[in-house]
Structures are given as structure tokens and as C-alpha cells.
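> Okay, here's the structure, questions in a sec.
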Amino acid sequence: MPLAEVTTRPIPANDASSAPAARKPAAGAPAAAAKPAVKPAPVAAPAAPPVPAEAALAGRMDAVDNGQLFGWVWDRNRPDSRLLVRILLDAVEVASGIADKPRVDLRRNGIGDGHHAFAIDLPQQALQSPERLTVIAVSVNPAAELVLRRPSADEKAAEAAVAAPMAKVLDRLDLLVAAQRQLQLGQRDTGVLLKEAATRLDALSDKETALEEALDTVRGGQGDLNQRLDQMEIFLTRFDTALAGFDKRLETLAAQGRNEIKPQFFALAVLIGTGIGLALALGLKI
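Set out below in C-alpha cells:
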């Protein structure tokens with residue numbers, strides 16, 4: 007028998023009808039939790055390398071005037087330090103000093119605290135040839151040197167043109183800052199005075215409260231005193247009644263013999279003394 011011929015064809019990859027169906031999870035099965043993405047740890051930026059010692063020095067010589075050399079110099083790495091300034095005439099040191107004098111323009115331009123200027127007296131031979139001078143700023147720790155340059159004529163002219171109006175503006179700004187400072191001090195003093203006044207008012211209020219309590223005590227004492235006086239008045243009334251009764255008894259006893267009356271007089275004296283003692287005791291309690 008001849009075999010039947012079977013024809014086959016490949017199954018396309020995107021044929022959804024012939025692809026096996028995806029297995030669905032059971033209704034009661036928990037869904038797999040998605041794993042959170044792990045962020046990489048931030049990498050710290052590398053620290054900026056320190057400025058070299060010589061590059062950190064900045065300054066210049068400004069002018070020679072009235073027998074002195076003026077200028078300024080400072081160290082950016084150590085703004086609180088004061089640098090040594092050496093003055094050489096033809097490579098021979100003729101003078102030196104410390105750049106520690108204050109200048110307003112330096113402080114306004116952010117040159118440390120402004121105490122980086124110098125004014126060094128020059129000898130006569132240096133004054134005769136200022137163009138032959140070399141000014142060197144010296145930093146000890148770390149060791150570094152900077153030759154201070156001399157400004158050109160154009161730089162001096164430009165600075166002079168800007169300095170005058172800028173100085174007026176900055177002077178007014180300084181006055182404004184000083185006025186603001188005074189205002190802050192005044193506000194602080196006013197706050198202190200108000201606080202002291204509030205404390206005094208509280209103390210006076212406490213004294214008034216104590217005075218009210220004292221007056222209440224006095225009023226209460228007056229009530230007790232009135233009550234004691236009423237009691238004393240009742241006692242005196244009763245005592246007067248008792249004395250009137252004794253007077254009647256004395257008149258009755260007077261008709262009897264003199265010898266028979268002596269015991270009664272003695273008893274009467276005892277009763278009168280007892281009554282007076284009770285009256286005095288009650289009066290002392292009041």
C-alpha cells in the first residue's frame with residue numbers, strides 16, 4: 007500500500023492562535039511583589055585642591071609719599087594672618103614692616119578684615135631712587151614670597167576716576183549701616199525697658215492683691231470684734247441686773263442686826279470681785 011503523503015508548514019512566531027496560551031495565575035495566589043529599584047549611593051564631590059601658597063598671596067605697592075611706601079598684601083588661605091613686607095634697594099634690604107594697618111577700601115572690596123595695609127618708612131637713599139625698589143611679601147607658614155608690582159599710570163588714572171564717586175556711595179552706605187545698627191540697639195533697649203515696666207506692673211499688682219487680702223482680714227476682724235462687743239454688752243446688762251438684785255437684798259439685810267449682816271457682806275464682796283474678774287477676762291480676749 008502506498009503511504010499517505012503528509013504536508014507540513016512552519017508555525018509563525020506571531021500566530022496567537024497556534025501559540026500555547028499563557029498560564030494564568032490562580033485567583034488565590036498572591037501576586038509577586040515588584041522589587042524596588044536600588045539607587046546608587048551618591049558619590050561625594052572631590053574636595054577642591056588648596057590654592058598654592060604663592061598663588062594665595064595677593065597685593066601691590068601703591069605709592070611712595072611723604073617718606074613712606076604704601077601698599078597692601080594678604081594671604082587668601084589665611085586671611086587672619088599679617089604678612090612681612092621687605093623692601094630691597096638693588097637687592098639689599100633697606101626696610102621692612104608688617105602689613106597690619108586697617109584700610110576702609112580693603113574691607114569694602116573683600117580683602118579679609120581690611121587690616122592688611124602697610125606704610126613703611128624709607129631711608130634717604132631709597133627715597134632718592136624709588137624706581138630701584140623691590141617690595142617682597144613673605145609668608146612664613148607655609149613659606150612663600152610675592153614680589154609686589156607697581157601700578158601703571160593708566161591704572162592709577164582709572165582708579166582715581168572711579169574712587170571719588172564710589173567713595174561717596176560707600177560712605178553713605180556706611181552711614182546707613184551705622185544708622186541701622188543704632189536702630190537695632192534702640193529697639194533692644196526699648197524691649198528691655200518694656201520688660202522692666204511689665205515686671206514692675208506685675209509687682210504692683212501683687213502688692214494690690216496683698217493689700218486686698220489685708221483689708222479682707224481687717225474686715226473679718228471687725229466682724230469678730232463687733233460680736234465680742236455684743237457679748238460684752240449682754241454680760242454687762244446681766245451684771246447690772248445682778249447688782250440691782252444685790253441692792254434689794256442689802257436693803258433687806260439692813261433691817262437685821264449688825265452681827266448677822268457681816269457674813270452676807272463677805273459673800274457679796276466675793277460675788278462682786280468674781281464678776282469684775284470675769285468682765286476683765288472677757289475684755290482681754292476681745
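Going by the working numbering, 267 is the number at position 261 of the sequence shown; the sequence numbering is gapless.
For glycine and all other residues, C-beta sits at the position ideal for the given N, C-alpha and C.
Computed from a predicted structure; not experimentally measured.
Drop a sphere of 10 angstroms on the beta-carbon of residue 81, count the other beta-carbons inside from all chains shown, and report buried for 16 or more, exposed for fewer.
On the sequence shown, residue 81 is found 75 positions in, with the first residue counted as 1. Looking at its Cβ environment, which holds 16 or more other Cβ atoms inside 10 Å, residue 81 is buried.
> Taking the alpha helix (DSSP H) that residue 113 belongs to, which residues open and close that run?
For this step, residue 113 is matched to residue 107 along the sequence shown. Note, residue 113: alpha helix (DSSP H), 110-114.
> What are the start and end residues of the beta strand (DSSP E) that includes residue 89?
Position 83 of the sequence shown, counted from the start, is the residue given in the question as residue 89. Looking at the DSSP string, residue 89 is not in any beta strand (DSSP E), and its letter there is neither H nor E.
> Would you mind sorting residue 91 into buried or exposed? The rule is 16 or more other CB atoms within 10 Å of its CB.
Within the sequence shown, the letter at position 85 stands for residue 91. So residue 91 ends up on the buried side.
> Report the residue from 220, 232, 95 and 66 whose alpha carbon sits nearest the alpha carbon of residue 136.
Position 130 of the sequence shown, counted from the start, is the residue given in the question as residue 136. Closest by alpha carbon: 95.
> Going by the beta-carbon positions, is the gap between residue 141 and residue 93 smaller than 7 angstroms?
If you number the sequence shown from 1, residue 141 lands on position 135. If you number the sequence shown from 1, residue 93 lands on position 87. Yes, the Cβ-Cβ distance between residue 141 and residue 93 is below 7 angstroms.
> Does DSSP classify residue 119 as helix, strand or coil?
Position 113 of the sequence shown, counted from the first residue, corresponds to residue 119. If DSSP states are grouped into helix, strand and coil, residue 119 belongs with coil.
> In three-state DSSP terms, what is residue 181?
Within the sequence shown, residue 181 is the residue found at index 175, counting from 1. Of the three classes helix, strand and coil, the one that applies to residue 181 here is helix, per DSSP.
> My assumption, with CB atoms under 8 angstroms, is that residue 150 sits in contact with residue 126. Please give the rounded CB distance.
Stepping through the sequence shown from its first residue, residue 150 is reached at position 144. Stepping through the sequence shown from its first residue, residue 126 is reached at position 120. Actually they do not touch by this definition, with Cβ atoms about 20 angstroms apart.
> Using a Cβ-Cβ cutoff of less than 8 angstroms, which residues in the same chain neighbour residue 32 once the five nearest sequence positions on both sides are dropped?
Looking up residue 32 in the sequence shown gives position 26. In this predicted model, residue 32 has a pLDDT of only 49, less than 50, meaning its place in the structure is not dependable; the value taken from the coordinates is given anyway. The answer is none, since no qualifying residue turns up.
> Buried or exposed, going by whether 16 or more other CB atoms sit within 10 Å of the CB of residue 154?
The sequence position of residue 154 within the sequence shown is 148, counting from 1. Flag for residue 154 reads buried.
> Using 8 angstroms as the cut-off, can you tell me whether the segment 113-124 makes contact with the segment 65-80, which would need three or more C-beta pairs spanning the two stretches below that distance?
The answer is yes - the segment 65-80 touches the segment 113-124, with three or more Cβ pairs under 8 angstroms.
> Going by C-alpha distance, which of 99, 186 and 123 is nearest residue 69?
Along the sequence shown, read from residue 1 onward, the residue named residue 69 stands at position 63. Of the candidates 99, 186 and 123, the one whose C-alpha sits nearest the C-alpha of residue 69 is 123.
> How many angstroms separate the CA atom of residue 183 from the CA atom of residue 189?
By one-based count along the sequence shown, residue 183 stands at place 177. By one-based count along the sequence shown, residue 189 stands at place 183. Residue 183 and residue 189: Cα-Cα distance of roughly 10 angstroms.
> For residue 87, I'd like the list of residues in its chain whose CB is within less than 7 angstroms of its CB, leaving aside the five on either flank, ordered along the chain.
Numbered from 1 along the sequence shown, position 81 holds the residue referred to as residue 87. Answer for residue 87: 81, listed in chain order.
> Let me confirm a value: residue 152 is counted as buried when at least 16 other C-beta atoms fall within 10 Å, else exposed. Which label applies?
Here residue 152 refers to the residue found at position 146 when the sequence shown is read from its first residue. Buried, by the Cβ-count rule.
> Helix, strand or coil for residue 65 per DSSP?
One-based indexing of the sequence shown puts residue 65 at position 59. Correct three-state label for residue 65: strand.
> Determine the burial state of residue 164: buried for a count of at least 16 other Cβ atoms within 10 Å of its Cβ, exposed for fewer.
In the sequence shown, residue 164 corresponds to position 158, counting from 1. By the 10 Å Cβ count, residue 164 comes out exposed.
> What's the gap between the Cα of residue 104 and the Cα of residue 196?
By one-based count along the sequence shown, residue 104 stands at place 98. By one-based count along the sequence shown, residue 196 stands at place 190. Straight-line Cα distance between these residues: approximately 44 angstroms.
> Below 8 angstroms CB to CB, which residues in the same chain sit around residue 66 once its five sequence neighbours on both sides are set aside?
Taking the first residue of the sequence shown as 1, we reach residue 66 at position 60. Only 77, 78, 79, 154, 155, 156 and 157 meet the Cβ criterion.
> Should residue 185 go down as buried or exposed, given a rule of 16 or more other Cβ atoms within 10 Å for buried?
Numbered from 1 along the sequence shown, position 179 holds the residue referred to as residue 185. That one is exposed.
> With DSSP run on the structure shown, which of helix, strand or coil describes residue 155?
Along the sequence shown, read from residue 1 onward, the residue named residue 155 stands at position 149. Residue 155: strand per DSSP, three-state reduction.
> Classify residue 175 as helix, strand or coil using the three-state DSSP reduction.
Looking up residue 175 in the sequence shown gives position 169. Residue 175: helix per DSSP, three-state reduction.
> Alpha carbon to alpha carbon, how far is residue 63 from residue 205?
Translated into the one-based positions of the sequence shown, residue 63 becomes position 57. Translated into the one-based positions of the sequence shown, residue 205 becomes position 199. One C-alpha to the other measures close to 57 angstroms.
> Taking the alpha-carbon positions, what's the residue 223 to residue 203 distance?
The count along the sequence shown starts at 1 and reaches residue 223 at position 217. The count along the sequence shown starts at 1 and reaches residue 203 at position 197. Answer to the nearest angstrom: the Cα atoms are 30 angstroms apart.
> Going straight from the alpha carbon of residue 218 to that of residue 232, what length do you get?
Position 212 of the sequence shown holds residue 218. Position 226 of the sequence shown holds residue 232. When rounded, the distance between both Cα atoms is 21 angstroms.
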